[in-house]
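Below you'll find the structure, written out as structure tokens, and then a few comments.
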Amino acid sequence: MAYNPFRNITFQQLETLVALVGERSFSRASRRVCLTQPTLTKHVKNMEEDLNVRLVNRERAGISLTPEGKVLYDYARKVLHLREEAGERLIRIQDRASGVIDIQASTIPATYLLPYVLGSFHKDHPEIRVHVQTADSDESLDAILNAASEIGIIGKSPQNPKLHVETLWEDRLVLAVPRGHRFAGRRTVSWSELAEEPFVVREKGSGTREVFENYLRNVVGWTLSRLRIVVELGSSEAVKEAVLAGLGISMISVHAVDRELRSGILCEVPVEDCRIERSFYLIYRRQLALMRHHQIFLDFIRSHPINR
435 MAYNPFRNIT FQQLETLVAL VGERSFSRAS RRVCLTQPTL TKHVKNMEED
485 LNVRLVNRER AGISLTPEGK VLYDYARKVL HLREEAGERL IRIQDRASGV
535 IDIQASTIPA TYLLPYVLGS FHKDHPEIRV HVQTADSDES LDAILNAASE
585 IGIIGKSPQN PKLHVETLWE DRLVLAVPRG HRFAGRRTVS WSELAEEPFV
635 VREKGSGTRE VFENYLRNVV GWTLSRLRIV VELGSSEAVK EAVLAGLGIS
685 MISVHAVDRE LRSGILCEVP VEDCRIERSF YLIYRRQLAL MRHHQIFLDF
735 IRSHPINR
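Under the working numbering, think of the first position of the sequence shown as 435, with each following residue one higher.
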């Protein structure tokens, strides 16, 4: 292959030529590229010597390019543009982190909240895959502590120094009854009236059940035994279907019955002086080595509140 003198030309020398043409002055061009004027002049001289051509005509009114200088100037602009384009492409590739995230979520966030967030997340970050396992809050907590999953979203706040815990989303429990029930359309019902009705509840270990039991004990002064429990079920979806089937009424997450309340097949009935609220918590082990794809997901989910 024949020797090509252009191989000796550096990016800085090309930048010097482009600046010189743009400014039409050695002094102004040197300020533009942050070089002393003697250094800039030396760059031009070195290019002329390496290429064995004259590139610049020095004139009283400034400078002009020789025919050879015009050719080099055109290619210099293209080369510098390609350098910028290559850098931008590499940055975009680095920003598109890839990986797999294992999430353990309790039933309400896993069934009714996460799908909406993950739909948006996948559009923005298709290279990151998310695996979601569903269990009640206690089982989900155990999975995080035992490192079976990386990130958890649960309906109770764990008191464990090994965990990072932060409030993520809000929820409230509502009394849901089927359309046609004697409570449907009532402005309020009393706790004594509720005690007469068959009740459907979640299983032990569920965050929903724990919140409800805590409210009964601390606010109403009751235990769950004061209610006519007809069945305990392992998911909010099962509880909802039982209520729709007329098996009983239930205190259930508003997120779980949002569609049914809007369609009218279930009715929300206010209970006297009662408002049961809780939070869903984002948890992970403090020792978890957060990779870039983990951090991208955490930043995304924190910035996407759920409003129902």
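Glycine included, each C-beta is placed from N, C-alpha and C at the ideal position.
Can you round the beta-carbon distance between residue i and residue j to whole angstroms, since I take them to be within the 8 Å contact cut?
| i | j | result |
| --- | --- | --- |
| Ser687 | Asp605 | 5 Å |
| Phe714 | Pro543 | 5 Å |
Quick one: using the 10 Å Cβ neighbour count with 16 as the cut-off for buried, is residue i buried or exposed?
| i | result |
| --- | --- |
| Gly682 | buried |
| Val653 | exposed |
| Arg651 | exposed |
| Tyr388 | Any question about residue 388 goes unanswered here, given that the chain covers just 435 to 742. |
| Val534 | exposed |
| Ile525 | exposed |
| Tyr546 | buried |
| Gly456 | exposed |
| Arg464 | Note that residue 464 is Ser in the sequence shown, not Arg. When all chains shown are included, Ser464 counts as buried. |
| Gly655 | exposed |
Rounding to the nearest angstrom, what Cα-Cα distance links residue i and residue j in this structure?
| i | j | result |
| --- | --- | --- |
| Phe440 | Leu485 | 7 Å |
| Pro612 | Gly680 | 7 Å |
| Ile443 | Val513 | 11 Å |
| Glu666 | Gly639 | 12 Å |
| Glu637 | Pro592 | 19 Å |
| Ala510 | Thr450 | 10 Å |
| Leu695 | Arg643 | 21 Å |
| Ser583 | Glu647 | 28 Å |
| Trp603 | Glu522 | 36 Å |
| Gly619 | Gly641 | 28 Å |
| Ile740 | Ile587 | 13 Å |
| Ser532 | Asn491 | 53 Å |
So the candidates are the options; which of them puts its Cα closest to the Cα of residue i?
| i | options | result |
| --- | --- | --- |
| Ser459 | Phe445, Val478, Thr444, Ile443 | Val478 |
| Ala581 | Tyr550, Arg719, His565 | Arg719 |
| Ile710 | Val645, Lys557, Gln567, His559 | Val645 |
| Glu630 | Arg662, Arg621, Leu609 | Arg662 |
| Ser574 | Gln538, Ala690, Thr470, Glu706 | Gln538 |
| Glu627 | Glu561, Lys596, Val703 | Val703 |
| Val623 | Val705, Glu483, Leu499 | Val705 |
| Arg517 | Asp576, Gln446, Lys557 | Gln446 |
| Cys701 | Arg693, Ile735, Glu600 | Arg693 |
Taking DSSP as the reference, what is the three-state secondary structure of residue i?
| i | result |
| --- | --- |
| Pro612 | strand |
| Phe761 | This structure does not reach residue 761, given that the chain is present from 435 up to 742, and the question cannot be answered. |
| His556 | helix |
| Trp603 | strand |
| Met481 | helix |
| Gly533 | strand |
| Val564 | strand |
| Ile730 | helix |
| Gln471 | helix |
| Arg693 | helix |
| Pro543 | helix |
| Ser659 | helix |
| Ile699 | coil |
| Arg712 | strand |
| Val688 | coil |
Confirm the yes/no value for this check: CB of residue i, any heavy atom of the ligand NAP, distance under 7 Å.
| i | result |
| --- | --- |
| Val551 | Among the ligands in the structure shown, none appear at all, so the ligand NAP cannot be discussed. |
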